[in-house]
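J.:
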Amino acid sequence: MTSDLTPQRVLRQWLLTTLGELGGSAPTAQALREMERRYGSHLTPGDWEGTERDNEPKWHNRTRFERKKMEREGLLVPARESRGVWRLTETGSDEYRRYRGPIVVPPQPTMTRERSIDPLQPDGNQSPTRIEVTTQRIVRSTAVAEYVKRVHDSTCQICGTRLATPTGAYAEAAHIQPLGHPHEGPDVSSNVLCLCPNHHVLFDLGMLHITDDLIVIDQHSGTPIGRLAERPGHEIERRYLEYHRTHHGGDGERS
Ligand SMILES: [Zn+2]
Numbered sequence: 129m130t131s132d133l134t135p136q137r138v139l140r141q142w143l144l145t146t147l148g149e150l151g152g153s154a155p156t157a158q159a160l161r162e163m164e165r166r167y168g169s170h171l172t173p174g175d176w177e178g179t180e181r182d183n184e185p186k187w188h189n190r191t192r193f194e195r196k197k198m199e200r201e202g203l204l205v206p207a208r209e210s211r212g213v214w215r216l217t218e219t220g221s222d223e224y225r226r227y228r229g230p231i232v233v234p235p236q237p238t239m240t241r242e243r244s245i246d247p248l249q250p251d252g253n254q255s256p257t258r259i260e261v262t263t264q265r266i267v268r269s270t271a272v273a274e275y276v277k278r279v280h281d282s283t284c285q286i287c288g289t290r291l292a293t294p295t296g297a298y299a300e301a302a303h304i305q306p307l308g309h310p311h312e313g314p315d316v317s318s319n320v321l322c323l324c325p326n327h328h329v330l331f332d333l334g335m336l337h338i339t340d341d342l343i344v345i346d347q348h349s350g351t352p353i354g355r356l357a358e359r360p361g362h363e364i365e366r367r368y369l370e371y372h373r374t375h376h377g378g379d380g381e382r383s
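Under this note's numbering, the first residue of the sequence shown is numbered 129, with each subsequent residue one higher.
#1: Using a Cβ-Cβ cutoff of less than 7 Å, which residues in the same chain neighbour P325 once the five nearest sequence positions on both sides are dropped?
#2: Cα separation between T145 and Y224?
#3: Using the beta-carbon of each residue, find all residues closer than 6 Å to any heavy atom of ligand 1 and list them in chain order.
#4: Below 8 Å between beta carbons: does that hold for R373 and H337?
#5: Tell me whether E260 is buried or exposed, calling it buried when 16 or more other Cβ atoms sit within 10 Å of its Cβ.
#6: Below 8 Å, how does it come out for the region 167-174 and the region 208-219: are there three or more Cβ pairs, yes or no?
#7: Terminal residues of the continuous beta strand (DSSP E) containing H376?
#8: In the DSSP assignment, find the alpha helix (DSSP H) that holds H327 and state where it starts and stops.
#9: Take every Cβ of the region 179-197, pair it with every Cβ of the region 272-288, and state whether three or more of those distances are shorter than 8 Å.
#10: Taking three-plus beta-carbon pairs below 8 Å as touching, is the region 329-336 in contact with the region 344-361?
#11: Taking the alpha-carbon positions, what's the R359 to G152 distance?
#12: Based on the DSSP secondary-structure assignment, which residues constitute the bridge partners of W214?
#13: Assuming the contact rule is C-beta atoms closer than 8 Å, W142 and T295 should be a hit. Round their C-beta distance to whole Å, please.
#14: Return the chain-ordered list of same chain residues with a C-beta closer than 7 Å to the C-beta of M239, the five sequence neighbours on each side being excluded.
#15: For a quick check, are the C-beta atoms of W214 and L147 less than 8 Å apart?
#16: Going straight from the alpha carbon of T85 to that of S210, what length do you get?
#17: If you drop the 5 nearest sequence neighbours on each side, which residues of the same chain put their C-beta closer than 8 Å to that of G212?
#18: Exposed or buried, T134, counting other C-beta atoms within 10 Å across all chains shown (16 or more means buried)?
#19: Is it buried or exposed, I353, if we count other Cβ atoms within 10 angstroms and call 16 or more buried?
#20: Measure the alpha-carbon distance for E370 versus E162 and round it to whole angstroms.
#21: Can you tell me where the beta strand (DSSP E) with G354 in it begins and where it stops?
#22: Give every residue of the same chain whose Cβ lies closer than 7 Å to the Cβ of V276, excluding the five residues on either side of it in the sequence, and list them in chain order.
#23: Where do the ends of the beta strand (DSSP E) carrying V344 lie?
Set out below in structure tokens:
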């Protein structure tokens, strides 16, 4: 299976951004590790397959290939000169900055302003106290979320929006029966929808519910706003929809 590999141009953007943000250079292993930390959740199962030659993950191999191409284009210092360190050239750094856009420094708040502008405006806190807390997180399967997003090509199942970004389209995996207590929904693809951020929030807040015929109903007006898009390979189990309809997220818990 060599289908659905992350495109070379995307690997290039990731590498450029990673090196740029590491100050322009990093040893090979660190560059790859840092790319994985930042973009690992976008990598496909195909990217993780080993190459025939030495079983190195394909995306490592393809990133090295891209690095060589970038070297030929003058974006990276030639490998024989940089001794195992991947280093952006002047041109490479310019390319990174152009891609990132100018770094905007937010204006400092002026302290001289009259405090009576709006008596309700909160003062905030210039030096918030830090406390240590212990939390329990549910470990979700990235694979399930990534699978559902891939099946739908990161397109919202409610409105059809597909948010394009330089590192690939952005969508969210929304659990129908939430995972957390007291809902205890399962982390399986038949309990997950691929939604845009807006519809994810509305769905979690119970502003929308979905009938067994997959009609999306606006909870406020009671009117249908459309039909949930379906794709082969992603079946939605009706019992989760029913759970959502009967417990429609009154606590506003995000999932
Ligand atoms: Zn949407």
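Cβ coordinates follow ideal geometry from the N, Cα and C atoms, glycine included.
T.: Quick answer:
#1: Position 197 of the sequence shown, counting from 1, holds the residue named residue 325. So the list reads E300, once near-sequence residues are dropped.
#2: Position 17 of the sequence shown holds residue 145. Position 96 of the sequence shown holds residue 224. Computed Cα separation, rounded: 6 Å.
#3: C284, I286, C287, T289, L323, C324, N326 and H327
#4: On the sequence shown, position 245 is the one that residue 373 refers to. On the sequence shown, position 209 is the one that residue 337 refers to. Against a cut-off of 8 Å, the Cβ pair of H337 and R373 comes out as a contact.
#5: Start at 1 with the first residue of the sequence shown, and residue 260 comes out as number 132. Answer is exposed; the Cβ neighbour count stays below 16.
#6: no
#7: For the purposes of this step, residue 376 is identified with residue 248 of the sequence shown, where counting begins at 1. Where H376 is concerned, there is no enclosing beta strand (DSSP E), given that its DSSP letter is neither H nor E.
#8: Reading the sequence shown from its first residue, position 199 is the one you call residue 327. That run of the alpha helix (DSSP H) goes P325 to D332.
#9: no
#10: Judged by Cβ distances under 8 Å, the region 329-336 makes contact with the region 344-361, as three or more pairs qualify.
#11: By 1-based counting over the sequence shown, the position of residue 359 is 231. By 1-based counting over the sequence shown, the position of residue 152 is 24. Distance between the alpha carbons of R359 and G152 is about 42 Å.
#12: What you label residue 214 is simply residue 86 of the sequence shown in a count that begins at 1. A154.
#13: Position 14 of the sequence shown, counted from the start, is the residue given in the question as residue 142. Position 167 of the sequence shown, counted from the start, is the residue given in the question as residue 295. So it is a contact: roughly 6 Å between Cβ atoms.
#14: The residue labelled residue 239 in the question sits at position 111 within the sequence shown. Its pLDDT being 49, under 50, M239 is placed unreliably in this model, and the value from its coordinates should be taken loosely. So the list is empty, once near-sequence residues are dropped.
#15: In the sequence shown, residue 214 corresponds to position 86, counting from 1. In the sequence shown, residue 147 corresponds to position 19, counting from 1. It is a contact, given that the beta carbons lie within the stated cut-off.
#16: Because the chain is modelled from 129 through 383, residue 85 falls outside the range shown and cannot be assessed.
#17: Residue numbering aside, residue 212 sits at position 84 when the sequence shown is read from its first letter. The answer, listed in chain order, is P155 and T156.
#18: Locating residue 134 in the sequence shown gives position 6, where the first residue counts as 1. Buried: at least 16 other Cβ atoms inside 10 Å.
#19: Within the sequence shown, the letter at position 225 stands for residue 353. Per the 10 Å Cβ criterion, exposed.
#20: Taking the first residue of the sequence shown as position 1, residue 370 is located at position 242. Taking the first residue of the sequence shown as position 1, residue 162 is located at position 34. Those two C-alpha atoms are separated by around 42 Å.
#21: By one-based count along the sequence shown, residue 354 stands at place 226. Its beta strand (DSSP E) spans residues P352 to R355.
#22: By one-based count along the sequence shown, residue 276 stands at place 148. A301, S317, V320, C322 and H362, listed in sequence order.
#23: Taking the sequence shown and counting its residues from 1, one reaches residue 344 at position 216. I343 to D346 is the extent of the beta strand (DSSP E) around V344.
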